[in-house]
Each structure stands twice: as C-alpha cells, then as structure tokens.
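Worksheet for the structure shown next.
Chains as they are written, first to last, in our numbering: chain P, 139 to 463; chain B, 139 to 463.
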C-alpha cells in the first residue's frame with residue numbers, strides 16, 4: 139500500500155491540484171506502465187477515494203475516503219518532517235503508549251501515530267479520554283527539541299495555537315484556549331493536549347504530544363456526563379469536517395510554529411497564544427494536587443507560566459493546575 | 139516459583155538468621171504440610187541454594203546460588219518498597235527499556251528489573267555499555283518522587299552514594315565518585331548510573347535509574363579497549379563478590395537515602411556525596427555537546443549542579459558534561 143510508486147502517484151495528484159492527469163503523464167511521472175497506472179487507480183478507489191475520469195483529459199481526485207488512510211494523509215501534505223512518518227492503527231490502547239515505545243526506539247522527529255479508536259485513551263493526570271471510532275482525531279506526535287527540561291510545557295501552548303489555527307482555517311469556527319491544554323468552542327471542550335516527555339536526567343530525548351480532538355461526533359455520540367462539557371466540530375459547524383484535512387492542517391501549522399520556536403524562542407508563540415486565550419483578565423480558580431488559588435488571571439510569563447493575582451493582591455506563578463472559569 | 143508460600147519460606151529463613159528451622163516449625167510458619175516443606179526445600183536446592191540439614195534441629199541455608207535468583211534476592215531483604223517487586227530476566231536488550239514500559243504501565247515505586255545479560259545496554263548519551271552474562275549487576279529501578287523536573291539529576295548523585303556505601307560495606311573497597319554518574323576504584327570505572335525519566339510536561343511520572351556494575355569480571359573478560367579504563371570488584375578485591383548481597387545492599391542504602399531525601403531535601407545527600415567525590419578541588423575539563431571548559435572543580439551547589447572556576451577566574455555552573463580529570 140505504502141509503496142514508493144503509490145507515494146509518487148499521490149504526490150503527482152497533489153502537484154496537479156484541480157488539473158487532470160492523463161494515464162500517459164502519470165506513467166511517466168511515477169515510472170511505471172500505463173496498465174500499472176490503472177491498477178493503482180483502482181486500488182485508490184477501493185480505499186474510498188473517488189476519482190473522476192474524463193476521456194482525453196485523464197483523472198483527478200474529487201473525494202477522499204471517510205476513514206483516514208495513510209494515502210489520504212500523504213495527498214497534499216507539504217511538511218518537511220511532521221507527518222512524514224505515520225503509523226496508522228485501527229484500534230489501540232492509546233497512541234501515547236505506542237509513541238513512547240517508538241520514541242525510545244529512536245523513531246525520527248515528526249513521527250506520528252494515528253488511531254481510529256483508543257480503548258484506553260488518557261488525558262492529563264491519568265484521566266480517561268473518550269475516543270470512539272472514526273469520529274475524532276486521536277494521535278501522538280514525536281518531537282526532539284534541544285531545550286532544557288523546564289521548557290517542555292511550552293510545547294503544549296505551541297501545539298494549542300497550531301490546532302486553533304488549523305480549526306479556524308478549515309471551518310471558520312473560532313476556538314479559544316483555556317490554559318494550559320484545553321481548546322474550547324462556546325465554552326465546551328473540543329480538544330485536549332497531553333504533553334509527555336522522555337529524558338535523561340538533564341537532556342530531553344523526546345517530547346510526545348498527544349492530541350484528542352472531537353470532530354464528527356453528534357451530541358448523542360457523547361456519554362451523557364460529557365454532553366454538557368464537550369462538543370465536536372460537527373455539532374458547532376453543522377456539517378461534517380474532513381479529519382485528514384484537519385490533521386494535515388495541524389501538521390503544517392505545528393511545523394511552522396515549531397521551527398519558529400526553535401529559531402526565536404517562546405516569545406512569538408506567547409503573542410499568538412495570548413490572542414486565543416480565554417482566561418486572561420478573568421476571575422479563575424486554579425486547582426493543583428495540593429491546593430487551590432482563586433484570583434484574576436493576568437497572563438503568562440515569557441516562559442509560558444500562568445500569572446495570577448489573588449484577592450489579597452498577591453501574585454502567584456502557576457506551573458500546573460486545572461482552571462475553572 | 140514466586141508463590142506466596144515460597145516467599146514466606148524465605149522470609150522464615152531470613153528471620154531465623156543462623157538458627158535452624160525444623161520441618162514442623164516451617165510447616166506452621168508458612169501454613170503447609172510437612173511433605174510440602176520437603177518439596178520446597180528440594181526446589182531451593184535445584185536453584186543452587188545449599189542447605190544444611192541436621193537431625194532433630196532442622197534446616198538452614200549455608201550458601202546461595204551463583205546465578206541471581208528472585209528467591210535469593212528475597213532472602214534477607216528488609217526494605218519496604220525498593221526491590222519488593224523484582225522482574226528477573228536471563229537476557230534482555232536493556233533493563234532500562236523494560237523499566238520504561240513497566241513504568242508507563244503503572245508499575246509500583248521500587249519495582250526493579252534485573253537481567254543476567256544485556257545485549258544492547260546503554261549508558262549516558264546513548265553510549266553502549268558492555269554487560270556480559272553472570273558477571274555484573276545490570277538493573278533498573280523505578281522511583282516516583284513528587285519533585286520538580288529540574289531536580290531529577292539529584293537522584294543520580296543520591297544513587298551514587300547508595301552504591302558506594304554498599305560496595306564499602308560488603309567489600310571494604312573505597313570507591314570514589316566522579317561527577318555526575320561514574321563510580322571509580324583506583325581511577326578505573328566500576329559502575330555507571332543512567333537516570334532517565336518519564337513526565338507529563340510539568341509532573342514526573344517515573345524516574346528510572348539504570349545501574350551497570352562490574353562485579354566478578356576478570357581483566358580478560360573486558361574488551362581490550364576497556365581494560366585500561368574499567369575494572370571490577372573482583373579485580374580490585376582479589377576474590378568473588380556475591381552479586382545478590384550487593385544488590386540487597388544497594389536496595390537498603392538507596393531506600394534509606396531516598397526517604398531522607400524526600401523528607402529533608404538534597405542537602406544531607408550533598409554532604410554525603412562530597413565525602414566520596416574525587417574531582418572536587420582538582421583541575422578538570424568538562425565537555426558538553428557544544429563546548430568544553432577547563433578549570434578547577436569547586437564543588438556542587440545545594441541543588442547538585444557542578445561549580446567550576448576557569449583559568450580567568452570566571453565561575454561556571456555545569457548541568458551536564460563529561461569530566462576529564
């Protein structure tokens with residue numbers, strides 16, 4: 139399925155855009171016989187791609203499959219490393235778990251694990267994450283930045299910006315970020331981010347970013363206890379959203395922001411992040427494992443740490459907490 | 139093999155010390171028939187234990203097997219959590235890799251993975267570690283301290299102290315510590331420590347301490363390129379050293395120091411560490427991935443960071459480096 143020929147074929151369609159590709163041209167571009175071209179086109183159709191074939195013009199792809207396929211992710215992907223190495227799974231315990239193993243075994247930076255379903259998906263603090271089949275984006279991305287350990291949480295904020303941008307671009311919806319790792323639409327959670335890392339005591343080996351995104355669920359697809367606090371892009375937009383287009387949008391934005399971050403540090407990310415932040419200037423309660431602080435969220439530091447001023451005027455730096463608005 | 143009965147039997151011998159235990163007493167202590175006692179004693183013998191049986195007195199253990207066994211580690215172990223859950227393997231890629239998986243799957247604090255041989259053992263910075271069969275201690279220990287990420291390297295220094303104490307106690311040899319993770323005898327490396335961690339962006343899930351210790355190798359057991367820089371306890375002491383006694387000594391010292399650390403912080407560990415440190419006050423070169431500094435090692439900070447003063451009188455804080463004396 140993921141042969142070089144197949145990759146070349148999808149790249150050829152990507153480069154052609156709306157134009158048709160004749161069997162002859164395809165054969166030349168990917169270096170096979172015209173008969174073999176026909177065989178590959180048939181295989182794409184079997185995977186759920188719809189191709190329009192026009193006499194004397196050739197083929198073009200008019201619709202991609204419902205189910206995410208590696209081929210579909212390949213089509214139109216223009217990143218340099220994020221998403222170039224994709225492990226696609228039908229059903230897994232959690233994509234984070236697989237990513238940890240691959241990361242420990244030296245998988246290259248930008249490796250992504252995508253599953254159609256997680257049976258034991260997790261959020262922060264070991265909380266369960268509901269991730270049913272074919273409706274959402276459940277994936278983990280391996281990065282290997284050369285940064286000190288305490289800066290790792292910045293990648294959560296960076297990823298949140300990349301995801302909000304991808305949703306905006308594709309759907310026109312206007313998501314907001316609740317520090318540190320929730321993306322909300324109209325106050326309901328649409329995406330969570332779990333950033334984990336593997337390190338030698340003083341050197342990061344890998345950062346593993348888990349993304350759980352509710353895309354095409356109906357309201358009834360959510361368990362009753364989640365219906366008031368969670369939403370999906372489908373519910374908010376009123377129409378189905380292409381998961382693979384969204385994934386590719388995330389890859390593209392994430393790579394762009396990540397390279398900016400490696401070059402310039404966190405500051406440009408901070409400014410972008412603040413533009414989407416919902417909690418700044420508002421009265422919030424931050425709950426940590428050991429205590430809770432109520433006060434006004436003033437913003438984040440240049441390092442991404444939340445600044446709060448409590449009712450006695452005392453300033454607190456919050457490194458990790460759950461936020462209630 | 140690791141049935142509750144077997145554990146109870148070894149605990150009974152541990153508590154009896156040098157005294158004999160009659161079949162009747164054993165049967166009562168572990169709650170089985172006298173016939174079953176005989177069967178368990180035979181199984182211990184098959185594992186390589188030597189038992190003395192004296193008429194009208196009973197049994198006592200006079201010699202434990204050459205090969206490390208879970209039973210032998212159980213015998214005499216008086217810790218509360220470190221080493222209570224041991225995974226013993228004949229041959230593995232690396233104990234760190236197994237420990238990472240177990241840690242991710244919520245193995246309890248103090249879980250230990252011991253292997254007789256590692257075929258892909260690793261040291262810091264992905265360097266290979268030579269770990270042949272039956273001669274050394276190759277193990278990984280899972281801890282779950284509630285400390286901020288930047289403090290993780292302190293566990294390397296703490297473990298070094300625990301190991302030096304265990305070697306001293308058992309052999310009378312006087313090892314020294316070369317910051318941050320090498321234990322030397324007469325200038326040659328006898329033990330390396332690799333501290334790795336898994337974390338959510340801002341919360342440690344597990345610290346995995348890998349220990350590689352050369353115990354009973356002869357000089358000829360080392361590859362030629364290591365003979366000038368590595369040594370073993372056998373070479374230094376002139377006689378074989380019981381690996382399981384050493385392991386139990388490490389467990390005991392590590393647990394004691396770790397509890398002290400959780401209670402009092404790094405300061406008491408710092409003072410112990412300084413007593414064994416070889417490099418302090420000497421001219422050293424510290425090589426990092428990006429540059430190298432030559433100067434005098436002044437000591438470590440209260441956080442365990444190496445302090446160096448270079449030839450121009452400038453002070454440097456070294457978080458991670460290879461040290462040349």
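All C-beta atoms in this analysis are idealised placements derived from N, C-alpha and C, irrespective of residue type, glycine included.
Can you name the residues that DSSP bridges to residue 455/P? Residue 455/P is bridged to 445/P.
Spell out whether any CB of chain P is found under 8 angstroms from the CB atom of residue 233/B. Chain P, which has no Cβ nearer than 8 angstroms to the Cβ of residue 233/B, makes this no.
DSSP state of residue 176/B mapped onto helix, strand, coil: Three-state DSSP puts residue 176/B in a helix.
To which residues of the same chain is residue 227/P closer than 6 angstroms at the C-beta, ignoring the five residues directly before and after it? Counting only residues of its own chain and dropping the five nearest sequence neighbours on each side, residue 227/P has a CB closer than 6 angstroms to the CB of 253.
Within 8 angstroms (strictly less), CB to CB, does residue 336/B reach chain P? Judged by the 8 angstroms Cβ criterion, residue 336/B is in contact with chain P.
Under a CB-based cut-off of 8 angstroms, is residue 458/B close to chain P? Closer than 8 angstroms: yes.
So, with DSSP's three-state summary, where would you put residue 241/B? DSSP, reduced to helix, strand and coil, places residue 241/B within a helical segment of the structure shown.
Spatial neighbours of residue 323/P within its chain, please: CB distance less than 7 angstroms, with the 5 preceding and 5 following residues excluded, ordered by chain position. Within the same chain, residue 323/P has close Cβ partners 311, 313, 369 and 374.
Within chain B, partners of residue 333/P - CB distance below 8 angstroms: Those are 338 and 339, listed as they occur along chain B.
Provide the residue span of the beta strand (DSSP E) that contains residue 278/P, from first to last. Under the DSSP assignment, residue 278/P falls in the beta strand (DSSP E) whose first and last residues are 274 to 281.
Using a beta-carbon distance below 8 angstroms, is residue 294/B in contact with chain P? It does: the Cβ of residue 294/B has a partner Cβ on chain P nearer than 8 angstroms.
Please name the residues in the segment 284 to 311 of chain B whose beta-carbon is closer than 9 angstroms to at least one beta-carbon of chain P, in chain order. Residues 284, 286, 287, 288, 290, 291, 292, 293 and 294.
Measure the alpha-carbon distance for residue 429/B versus residue 319/P and round it to whole angstroms. Linking residue 429/B to residue 319/P through their CA atoms gives a straight-line distance of about 36 angstroms.
Between residue 91/P and chain B, is the shortest Cβ-Cβ distance under 8 angstroms, so that the two count as touching? Here chain P covers residues 139 to 463 and nothing more, so residue 91/P does not appear.
Applying the 10 Å Cβ sphere with the 16-neighbour rule, what's the burial state of residue 140/B? Its pLDDT being 47, under 50, residue 140/B is placed unreliably in this model, and the coordinates cannot settle the point.
What in chain P is Cβ-close to residue 242/B, meaning under 8 angstroms? Listed along the chain, the chain P residues whose CB falls inside 8 angstroms of the CB of residue 242/B are 235 and 238.
CA-to-CA distance, residue 161/B to residue 171/B, given in whole angstroms: Going from the Cα of residue 171/B to the Cα of residue 161/B covers about 9 angstroms.
What residues are listed by DSSP as bridge partners for residue 163/B? Paired residue(s): none; residue 163/B is not in a bridge.
Assuming residue 179/P contacts residue 197/P under a Cβ cut-off of 8 angstroms, what Cβ separation, rounded to an integer in Å, is found between them? The beta-carbon separation of residue 179/P and residue 197/P, rounded to 6 angstroms, stays under the 8 angstroms limit for a contact.
Supposed contact pair residue 414/P and residue 281/P - C-beta distance, whole angstroms, cut 8 angstroms: About 21 angstroms separates the two Cβ atoms, so there is no contact after all.
Just curious, the alpha helix (DSSP H) that residue 373/B is in, first and last residue? Its alpha helix (DSSP H) spans residues 371 to 375.
Tell me the rounded alpha-carbon separation between residue 292/B and residue 447/B. Distance from the CA atom of residue 292/B to the CA atom of residue 447/B, rounded to whole angstroms, is 21 angstroms.
Where residue 256/P sits in the DSSP three-state scheme: Per DSSP, reduced to three states, the secondary structure at residue 256/P is strand.
Distance, residue 149/B Cα to residue 125/P Cα: Limits of chain P in this structure are 139 at one end and 463 at the other, which puts residue 125/P out of reach.
How close, in whole Å, do the beta carbons of residue 351/P and residue 329/P come, if the pair is a contact with beta carbons under 8 angstroms? Their Cβ separation, rounded to whole angstroms, is 4 angstroms, which keeps residue 351/P and residue 329/P in contact under 8 angstroms.
Residue environment, residue 481/B, which counts as buried when at least 16 other CB atoms sit within 10 Å: The question about residue 481/B has no answer here: the residues shown for chain B are numbered 139 through 463.
Classify residue 324/P as helix, strand or coil using the three-state DSSP reduction. Note: residue 324/P maps to coil in three-state DSSP.
If contact is defined by three or more beta carbon pairs under 8 angstroms, each pair taking one atom from either stretch, is the segment 382 to 399 of chain B in contact with the segment 216 to 223 of chain B? Because the criterion of three Cβ pairs below 8 angstroms is met, the segment 216 to 223 of chain B and the segment 382 to 399 of chain B touch.
Pull up the DSSP beta-bridge partners for residue 226/P, would you. In DSSP, residue 226/P forms a bridge with 252/P.
Please report how far the alpha carbon of residue 425/P lies from the alpha carbon of residue 451/P, in whole angstroms. Within the model, the alpha-carbon separation for residue 425/P versus residue 451/P is close to 18 angstroms.
How should residue 354/P be labelled, buried or exposed, when 16 other C-beta atoms within 10 angstroms of its C-beta is the threshold for buried? By the Cβ-count criterion, residue 354/P is buried, with 16 or more other Cβ atoms from all chains shown falling within 10 Å of its own Cβ.
Is the beta carbon of residue 436/P sitting closer than 8 angstroms to the one on residue 422/P? A distance of 8 angstroms or more separates the beta carbons of residue 436/P and residue 422/P.
Decide if residue 463/P is buried, meaning its Cβ has at least 16 other Cβ atoms within 10 Å, or exposed. Exposed: under 16 other Cβ atoms inside 10 Å.
Give the single residue among 343/P, 235/P, 276/P and 266/P whose Cα lies nearest to the Cα of residue 246/P. Comparing Cα-Cα distances from residue 246/P to each of 343/P, 235/P, 276/P and 266/P, the minimum goes to 343/P.
At what residues does the alpha helix (DSSP H) containing residue 210/P begin and finish? Taken as a continuous stretch (DSSP letters only), the alpha helix (DSSP H) holding residue 210/P covers 208 to 212.
Determine the DSSP secondary structure at residue 393/B, reduced to helix, strand or coil. When secondary structure is reduced to three states using DSSP, residue 393/B falls in the helix class.
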